[in-house]
Structures are given as structure tokens and as C-alpha cells.
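Residue numbers (the working numbering), protein chains in the order written: chain A, 700 to 1269; chain B, 2 to 188. No residue lacks a Cβ here, since even glycine has one placed at the ideal position from N, Cα and C. Remember, predicted model here, so these are calculated numbers, not experimental data.
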Amino acid sequence: MTTEILGVIATYGITLLLAWPLARYIVKIFRGERTWSDFMAPLERLFFKISGINPHEEMNWKQHMKAMLTINLVWFVYAFFALMFQDKLPLNPDGNPGQSADLAFNTAISFVVNCNLQHYSGETGVTYFTQLFVLAFLQFVSAATGIAALVVVFKAMKEKTTTQLGNFWDIFLKTITRILLPISIVIALIFIFNGMPASFAGKDTLVTMQGDTVNVSRGPVAGFVAIKHLGTNGGGFFGANSAHPLENVNYVTWMTEMVAQVVIPIAMVFALGMFIQRKKFAYVIFGIMTIGMICLLIPSMQQEMAGNPEIAKMGIHQATGAMEGKEVRFGPAATGYWSTVTTIISTGSVCGWHDSTMPLTGLMQLLGMMLNCFYGGCGVGILNYYIYIIIAVFISGLMVGRTPEFMGHKLEAREVKIAALITLLSPFLILAGTALSSWVLSHHPDINWAVKPSAWLNNPGYHGFSEMLYEYTSANANNGSGFEGLGDGNIFWNVSTGFVLILGRFLPIIGPVAIAGLMASKKYVPESAGTLRTDSLTFGAMTFAVIVILTALAYFPALALGPIAEYFSL
Amino acid sequence: MKKYLWPSIKLTLLLVIVLGGLYPLFLAAVAKLAPGKGDGVTVTHNGRVVGYENIAQKFTDDKYFQPRPSTVDYNAASSGGSNKSAGNPDYLKTVQARIDTFMVHNPGVKKEDIPAELVTASASGLDPHLSPEAAYVQIPRVARLRGIPADRLKQLVDANTKPPVLGVLGVATVNVLKLNIALDDLK
């Protein structure tokens, strides 16, 4: 038990040790300073030349967002058709079929928006072609999209008055060539030398010790799993995601995957402070985010290590904790830690099934995704936190009766309206979606979909409701994990969560970029004695309070019907 | 947006080639030097490949150590868990039935000594490991059926136990397939 907790602490410690130098490196790249990776520059120039892009052309925030949306649309169209016709494309050694239109729609959107709802199973629902050329490709570029949007906000916060916020293509491509690709290769090599498959060999057939004939799915797993975590996408190569013993081989690969998924989100917080030269501002943000994570983490680990009270009633002593849906080589403490991290940073990969975790752990997972800003996904985590900062600045301004200022610019009605709308969007999508699915389930249980509504829920009672709530929460947060018992492989879930995914991705990116862009174009107001200090602990606590109050107000009723009621019924 | 369309398409094509093609090809080439040559690590016994080191397999015979319950019947063509919630009444009946079955096959074992992992399904359905305790609890049964002294089997389990990383991080595990091969090789 002690070694389990030590393993978790060591993993977090390693993450911090790596995040610091990574942040310095990231800042150098986006300031255009010299780094060891400059040997990639000729390749980047070649790509820009062929694509007809001038990487030195400065863009304003609207041009950034137009370029971002255009290339995302191209990816969606490409992914949608490739998935539908994957049976006719090469690299399909297992003879898997093409996806139906609604499933391809959901899968394409899901990976374009850096999510991984995955209403299919990796062994049978996709081919090696689509795994690599579509899904792994999207895991790179969708992460780079989030980081590129964040760097625009960094630039806007740094400058006194400007509309020139760098070049989208330049930031985007460098994120891939300088950050994501080299680190992914290092991570993949660690996996490969721990025995994770990486070849193109198809399914193996063999006769076991006792004479059963079984199959073993394999494939180019290692590279996929590296970017899956580094880019905080989380989409599994196999159905069981990172619980699969070929996708997460041992405790060393567990630690590597764990570090990989949270290292960029933490590094981006440090990078923020270095880039805009306000380190204290970033430390306070980091502190609040870490406190938030710990508040979710401790109950999760405690609940999983304590075991299932219903099984305890049967007279079983659960020395190894609640083991349903968990793997022995990770254990409950590590699985609890993973479940917290994967939900706060929108990875959505799992090393044990969330559906089978204890009710309070499920509550923490849901909260992690509803908050979605404690470290958060690649780039987008800080964008979400930025919205809360704006709200906190606004409320603080009201309290002291001054026009609020942030980073030397006046915060006015337009920016606050955008922030308020983005804040309201998440509860609207999550709660309206859950209400719609609950209504369909209770009023039309026998509609002839691939999975009838009456067969959607894998568990009765409060937990069944949580399965639906979880799915929309996960879609809105672009998280991708699920209470996977839910029968989501049908047109209702594919389409409804598809739209939640799009709205839950692009509006929370465009909103903060717009606010930052608008603010940066305003007249610079030098700091004075009356300026609200946003790098103080007081302001950090204020932001934390805003986050907690907004989340509690929006979600408490739904959570009371789901995991909280389940907890009291056990 | 029209202005950005062609650059987007061209850049996408180039990146698809590098990230979707060259990146995994490079890794597949390097993997030739790694354990299992990138095809997954297999286990050979008496000159025959009997399984993958990390994929659980079924042992129905009581003479062998048994792995954790699987929802995919130990066939790695697919993977997954039960996704049953903690308080689901049907699920709790399944667990109770597993406990009862275990008690029948392992007479003399006290209920509170059964580790939870032996009566709960793993996440992947392919979990190749047990904790040392879950192997120990099966020793009396295997010892009786094979006529091997229990302390000899305990030594065997301990020899097949992989300690936590560096002795302090994570959990100790016993690979069931390797343990059973070692068991067959005892004679």
C-alpha cells in the first residue's frame, strides 16, 4: 500500500521536474530564440513553401481563428470519409469493416476536437490505416491547435497595444515539429523497449497451454500511445485503452504515460509566466490548479483503496482495494490518481474503468471534467482558466467599484459578455443533453436504433443516470472517457454528442482568444496603486472561489441525482 | 476563409505523410531491436509458442494457478471489463457466485482470505497478473492436487514475483502464465 502511494508521488514529482525545463524550451521556441531543435527549420521552410504559406505574416485574432477553423474543417472532411471507406483502403490485415455514417461523424469530430469518445472498439472498429493516418495524425494536430490558440493569448497578454499576434501556421507547425514529434519519439521508444507492440503485424492466432485457440490483436501501438498521452487526446488503440496489457505493459509504462499526459499542461502554466514575464502570476495559477487537483485526488484514491462496501458485506477483505475494472499491475491508488488526472486534463484515457469506480470517485471524475481547468488539456486548459480569471477580475472590480483592468487593459462589457456566455455554455450543453437522453429513455424506450434506449444503461438506478450525465460531460469537456457501460453505439449518441463536442471545443477556444485579442488592441493603462493585483494570493483565492461557486450552482442538482444519491444508497 | 483553404489542404497532406506514415515506420524499424521485435512478447514452452507474456489465458484445471475473471473469455481479439457499478444487484450476485465457486474448489480457505481481485473482473479482461496474496491463497489446492509440498510452491510463487519498480514504486505482481509454466517444469 505504501509503495502504491510512493509510486503516485514519484510520478507527480517526475512530472514537475520535467515540466520546468520543457517550459523554458517552449518559451524559447515561441519567442523565436535559438534551440537545439533548429535542425527542423529547413523541413518547416519546405512545408511552408509547398503549402504557399508565408510564416512571417502577422495575423490578428480573427485571422488566427479563421485559419484554425479552416484547417480543422479540412481534417474533419478527410477523417469522415477515410473512416467510412476504411475497408477499401490498405493496411487492414484484420479485414475490419467501414464505419457507418453516424459513427464516422462521431469518430471524426471526436478526434478533430482532441477528444476520444470512441463509440467503437479499436480491435474491430478501425484499421491500421485509420489508426495511423487519421487518428494518430489528429492526435498530433488537434493538440497543436490547442497550443497554437493558447500562444496567441500569451502574445496578446504580453504586448501593450497590438493587433499583431504572430502567425497561426508558424506556431502550429512548430508545436508539432519542435515539441510533439520529438517528445513522442522518446516516449514511444521507452514503450517499445518495455515490449509494447509497434509493428504492422495483424492479429495472431495461437493455442494456449491448456489447448484453447485464441487470437491476440496487435499493431503499431507504441507510437499511437505516445502521442495519445502527450497530446492529451486519450484515444485508445485497443478497446480497453490503457488498461490493455499491450497498451500499458507494466508500471514503468504506466508512469511514462502518466507523466506524458500531464507534462505539457503543467509546462504551459510555467511557460505562461516566463513568456509574459510575470512569473508570480503563473505560480499563483499553478498553486490554485494543484490545490484543485488534490481536492479531487484524495477522495478518489481513498475510496478506491478502501474497496467496495457491498463486497465488504459479503465477508471479503479487500486488501488490494476495489478491483472490479482494475488491473493488478497498477492497483487502486495508481488507478485513482489516473482517473483524476485524465478527467481534469481532458485526456480521457483510462487504466481502469470509471463505470466500476466507487460513487464518490465517479463524482470527482465528473467534477474534474466540469471544471476542466486544473492544468487542463493541451493549451485549452489555460484557456478555460483564463475565462474564470476574467470573471474573477470583473467581480473584484464590482466589489471595489472600479473599472476592472487585466494585464494593463480595461475589461469592458463586451469581454465580460463573451466570458459569461462561455461559462454558461458548458452547463447548458451538459444538462440539456442529459435531459434529452433521459426524456428519450423514459418516453421512447423501444425506438428501433442499433441499441434501443431501453438497453442503453448497463446499471440500474442512480448510476444509470450518471452514465448519461457522464457521457455529455465528457463530450463537452472534450475528455473522451466514459462510463463505458452506456450503449452509445447508435445514431442518437453519435449525433447528439457529436454536436456537443463541436460546440464544447471551438467556442471555448474562440472566446478566450477573442477576449485576449480585443483587450490587446486597447490602450495600455499603466499599473497604479489602485490596480487590482492579479498575481496575489488573494486574487488566486478569488478565482478559486469563482470556479467553485459557478460549478456548484450549475451542476449540484444533477450530481445529487447521480453519484451523490448513489453514495448514500450503498 | 477561402484564402486559407489551399494552404490547409496542402499542409494537411504533408503532415499526414510525416505523422501518419514516417513516424510509425521509423518506430517499427527500431522495434526490431526490442523484445518481441515489435510484434508483442511471446512465451515459448517445450519449443512451442504458448502465449503472450502479457495476455492472460484460461486455466480451468484446478492443478494450475488461475487468473482473474475475464469478461472477454481470455480472447485478446477484443478487450474490456464488466462496467458494472459498485451497487448493481446483478453484479453483486455474480461476485457472490464467484466466491461460492472459489470456496468449493479451495476447501479450507477462509472467506476473508480471498483477495478481491480473484472475484472481480479485470479492466482489460486480459490481466496477466495476480498479487502474491492471490497466488498464495491457491497454493493449498495446487499442492494437494499435484502432491507438491506447499512450502515448495510458496518458493515458486516468490521466485515468480516481480517486485515494485526499484523496490518502492507500485505493486508486486505474479505473472500467472509464467508461474504455471514453472509449475509444469517442476517435475
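Any non-hydrogen atom of the ligand MG within 7 Å of A:N1193 CB: The ligand MG is not part of the structure shown, which contains no ligands of any sort.
Cβ pair count under 8 Å reaching 3, the stretch 951-963 of chain A against the stretch 49-67 of chain B: no
For B:V158 and B:V177, the rounded distance between their alpha carbons: 9 Å
For A:T931, the first and last residue of its enclosing alpha helix (DSSP H): A:T931 -> no alpha helix (DSSP H), and no H or E assigned at all.
CB contact check: A:D1054 to chain B, cutoff 8 Å: yes
Euclidean distance between Cα positions of A:L765 and A:D869: In the sequence as presented, Leu is not what sits at residue 765 of chain A; that position holds Lys. Approximately 15 Å, taken between the alpha carbons.
Burial state of A:P720, where buried means 16 or more other Cβ atoms lie within 10 Å: exposed
Through-space distance from A:S1137 to A:A663, alpha-carbon basis: No answer is possible for residue 663 of chain A: it lies beyond the span of chain A, which begins at 700 and ends at 1269.
Beta-bridge pairing of A:V915 - partner residues as DSSP gives them: A:D903, B:A77
Against chain B: residues of the stretch 943-954 of chain A by CB proximity under 7 Å: Answer set for the stretch 943-954 of chain A: H943, P944, L945, V948, Y950, V951.
Below-8 Å beta-carbon distance, A:G1030 vs any chain B residue: Yes, because at least one Cβ of chain B sits closer than 8 Å to the Cβ of A:G1030.
CA nearest to the CA of A:Q863, picked from A:L1231, A:M1218, A:V1245, A:I1246: A:M1218
Where the stretch 46-62 of chain B meets chain A: residues whose CB sits under 9 Å from a CB there: In summary, the residues of the stretch 46-62 of chain B whose CB is separated from some CB of chain A by less than 9 Å are H46, R49, V50, V51, G52, Y53, E54, N55, I56, A57, Q58, K59, F60, T61, D62, in the order they occur in the chain.
Uninterrupted alpha helix (DSSP H) stretches inside the stretch 918-988 of chain A (no shorter than 4 residues): 920-929, 950-974
Residue-chain proximity (B:Q97, chain A), Cβ-Cβ < 8 Å: yes
Collapsed DSSP secondary structure at B:R69 in the structure displayed: coil
8 Å Cβ cutoff met for A:L1082 and A:V812: no
Option nearest A:L1270 by Cα separation, candidates A:I808, A:I875, A:I1263: As shown, chain A starts at 700 and ends at 1269. That puts residue 1270 of chain A outside it, with no answer to give.
Supposed close pair A:A1176, A:N1071 - CB separation, criterion 8 Å: 5 Å
Alpha-carbon spacing of A:A1091 relative to A:G991, whole angstroms: Spanning the two alpha carbons is a distance of roughly 16 Å.
Residue from B:S79, B:G37, B:N84 with nearest C-alpha to A:G824: B:S79
Contact the stretch 928-941 of chain A vs the stretch 805-819 of chain A: 3+ CB pairs below 8 Å: Taking 8 Å as the limit for Cβ pairs, the verdict is that the stretch 805-819 of chain A does touch the stretch 928-941 of chain A.
Of the residues A:K1109, A:S1125, A:S1173, A:W1155, the one placed nearest A:S1038, counting alpha carbons only: A:S1173
Endpoints, the alpha helix (DSSP H) within which A:Y777 is located: 760-783
For A:N1071, three-class secondary structure by DSSP: coil
9 Å Cβ cut-off: residues of chain A touching B:K94: Chain A residues near B:K94: none, gap ~11 Å exceeds 9 Å.
Endpoints, the beta strand (DSSP E) within which B:G52 is located: Taken as a continuous stretch (DSSP letters only), the beta strand (DSSP E) holding B:G52 covers 49-53.
Members of the stretch 153-165 of chain B near chain A, C-beta cut-off 7 Å: Listed by position along the chain: P165.
Within chain A, the residues that B:T102 reaches when beta carbons sit closer than 8 Å: The premise fails here: B:T102 is roughly 13 Å from chain A at the closest Cβ pair, so nothing lies under 8 Å.
Test: B:L28 CB closer than 8 Å to a CB of chain A: yes
Contact between the stretch 1017-1026 of chain A and the stretch 1048-1064 of chain A (3+ Cβ pairs under 8 Å): yes
A:H1142 burial status per 10 Å Cβ neighbour count (16 or more: buried): exposed
The stretch 107-122 of chain B touching the stretch 1182-1192 of chain A, judged by at least three CB pairs closer than 8 Å: no
Buried/exposed call for A:W735, threshold 16 Cβ in 10 Å: exposed
For B:L131, three-class secondary structure by DSSP: strand
A:H1143, enclosing beta strand (DSSP E) - first and last residue: Looking at the DSSP string, A:H1143 is not in any beta strand (DSSP E), and its letter there is neither H nor E.
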